[in-house]
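Reading through the structure tokens given below for one structure.
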Amino acid sequence: GAVVSQHPSWVICKSGTSVKIECRSLDFQATTMFWYRQFPKQSLMLMATSNEGSKATYEQGVEKDKFLINHASLTLSTLTVTSAHPEDSSFYICSARWPFSYEQYFGPGTRLTVT
Amino acid sequence: RKEVEQDPGPFNVPEGATVAFNCTYSNSASQSFFWYRQDCRKEPKLLMSVYSSGNEDGRFTAQLNRASQYISLLIRDSKLSDSATYLCVARLKAAGNKLTFGGGTRVLVKP
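Note that the protein sequences, when read in sequence, are chains A and B. Here the first sequence stands for residues 1 to 115, numbered as in the numbering used here. Here the second sequence stands for residues 116 to 226, numbered as in the numbering used here.
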């Protein structure tokens, strides 16, 4: 089955620092990956769509200079939260689209706490 | 109005019983639908795609009603392990095939 890994699973950082989160598709190649954010008791909100070899497409209201996305290979996308603030504390989840399908498989998520 | 709406629940279900719940979507151009389950503090996991003719996967049955713009999920013979939040998801080609998630329906199966 489709396996997507995410690293780190949790991170605590100080306000003003940057944090990089990695998302890997382990057993398939994903030309498209997605980054979501989920606040407690809320549903997933799409932040951006990451396409291999091209710039990410950001959703309205998501600052592209704050949330840097790189999709350099067919199995790896990274999200860097720059100059993190306490309000960026959230559960960040990536997903990868299964080839020739619209099904998405999710990584285990990264819980970010900014102090 | 939210694009995908769900009753948040919780649905308290005796073990072995059947539970069903719906999800409504606002955009009639939505092209495909999925049910995901999400356990507390975990990632969503694909439960099943929803086909126009309806489909069944073991104890789970999904139905799509395009005329009324809703999707349903039925769980038969509920197990304690079915306790989770069930997320209804719609795909809209005009929106770049992004998936739009509902807020989820929480199901609690009790002994």
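The beta carbon of each residue, even a glycine, is placed where N, CA and C say it ideally should be.
Span of the beta strand (DSSP E), counted from its first residue to its last, around residue 223(B): 220 to 225
Among 15(A), 11(A), 8(A) and 6(A), nearest to residue 82(A) - alpha-carbon criterion: 15(A)
Per-residue contacts from residue 216(B) into chain A (C-beta, under 7 Å): 43 and 44
Spatial neighbours of residue 134(B) in its chain, beta-carbon cut-off 7 Å, leaving aside the 5 residues before and after: 126, 128, 190, 193 and 222
Selection from 215(B), 166(B) and 131(B) that minimises the alpha carbon distance to residue 142(B): 215(B)
Proximity test, Cβ basis, 8 Å: residue 202(B) and chain A: yes
Min CB distance residue 39(A) to chain B below 8 Å: no
Under 8 Å from the C-beta of residue 93(A): neighbouring residues of chain D: Annotation note: the requested chain D is absent from the structure, which comprises protein chains A and B.
Whole runs of the beta strand (DSSP E) within the segment 34 to 83 of chain A, excluding any shorter than 3 residues: 45 to 51, 67 to 73 and 76 to 81
Beta-carbon gap between residue 18(A) and residue 107(A) smaller than 8 Å: no
Contact the segment 88 to 108 of chain A vs the segment 33 to 52 of chain A: 3+ CB pairs below 8 Å: yes
Short-range partners of chain A found in the segment 150 to 184 of chain B, where Cβ spacing is below 9 Å: 151, 153, 156, 157, 158, 159, 160, 161 and 164
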